[in-house]
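Visitor:
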Amino acid sequence: VDINAAVEFWTQVVGLRVSDWSENQMAFLRCNNRHHSVAFNQAEWTSVNHIAYDFRDTDAFFQRLGVLRHLGFVPIWGPGRHGPGNNAFAYFGDPVGYVPEVTTGLIDVEESNWVPRVWQRVPEQSDLWGTAGPPSDDARARMAGSPEPTVRSAGGT
8 VDINAAVEFW
18 TQVVGLRVSD
28 WSENQMAFLR
38 CNNRHHSVAF
48 NQAEWTSVNH
58 IAYDFRDTDA
68 FFQRLGVLRH
78 LGFVPIWGPG
88 RHGPGNNAFA
98 YFGDPVGYVP
108 EVTTGLIDVE
118 ESNWVPRVWQ
128 RVPEQSDLWG
138 TAGPPSDDAR
148 ARMAGSPEPT
158 VRSAGGT
């Protein structure tokens, strides 16, 4: 997947704005004042990296982690705090193969003075707290999904 082509489409055609980059591997785009509504990751194929569920505050975030743990779901990455977006995070594998992110605290962008930043792809910026460390190879593979040969492009080819 060409991340630059994706960013160009979503900014030029749809009207989203770039909030930040994680080197040239991930782009964070927004449609409102939240740091990002969608993030694109450079990958070998098109896939859904993750879907985020934003909880109202840190208490609700950790309560949800407790509920998930009680139900037998342990994070595949997290909890921690991302640099881009400054949000608390924990990622899980769901029964059908998607990777939901439980999150809270995503920053609001002040449109008039926001300048996109290029973050280094290092564990210290992926997890500012240092509690989660880098994602495991298994977590990265789950987030990348798998190529589906039966899926066709929007043009029907």
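Note that the numbering used here has the sequence shown beginning at 8, numbered continuously upward.
For each residue, glycine too, the CB sits at the ideal point set by N, CA and C.
1. Roughly how many whole angstroms lie between the Cα atoms of residue 82 and residue 109?
2. Does the contact criterion of 3 or more C-beta pairs under 8 Å hold for the stretch 108-125 versus the stretch 30-50?
3. Do you know whose CA, among 62, 129, 143 and 20, lies nearest residue 95's CA?
4. For the alpha helix (DSSP H) containing residue 136, name the first residue and the last one.
5. Let me check understanding here. Comparing Cα to Cα, which of 10, 26 and 97 lies closest to residue 60?
6. Rounded to the nearest angstrom, how far is the Cβ of residue 51 from that of residue 128, given a contact under 8 Å?
7. Just to confirm the assignment, what range does the alpha helix (DSSP H) spanning residue 11 have?
8. Of all the beta strand (DSSP E) runs that stay within the bounds of the stretch 64-133, which reach a length of 3 or more residues?
9. Would residue 152 pass as a contact of residue 87 if the rule is Cβ separation under 9 Å?
10. Give me the Cα-Cα distance between residue 84 and residue 78, rounded to the nearest whole angstrom.
11. Apart from the five residues on each side of it in sequence, which residues of its chain come closer than 8 Å, Cβ to Cβ, to residue 14?
12. Closer than 8 Å to a non-hydrogen atom of the ligand ATP - does that hold for the CB of residue 11?
13. Does the distance from the CB of residue 23 to the CB of residue 45 come in under 9 Å?
Guide: A quick look at the data gives this:
1. Cα atoms of residue 82 and residue 109: separation of roughly 10 Å, rounded to the nearest angstrom.
2. yes
3. 62
4. Careful: residue 136 lies outside any alpha helix (DSSP H) and carries neither H nor E.
5. 97
6. So it is not a contact: roughly 17 Å between Cβ atoms.
7. Per DSSP, residue 11 belongs to the alpha helix (DSSP H) from 10-19.
8. Runs of the beta strand (DSSP E) inside the stretch 64-133: 84-88, 95-98, 107-111 and 124-126.
9. It is not a contact, given that the beta carbons lie outside the stated cut-off.
10. 17 Å
11. Closer than 8 Å at the Cβ level, and outside the excluded window around residue 14, lie 25, 34, 36 and 47.
12. Only the bare structure without any ligand can be found here, which leaves the ligand ATP out of the picture.
13. Cβ distance < 9 Å, so residue 23 and residue 45 count as in contact.
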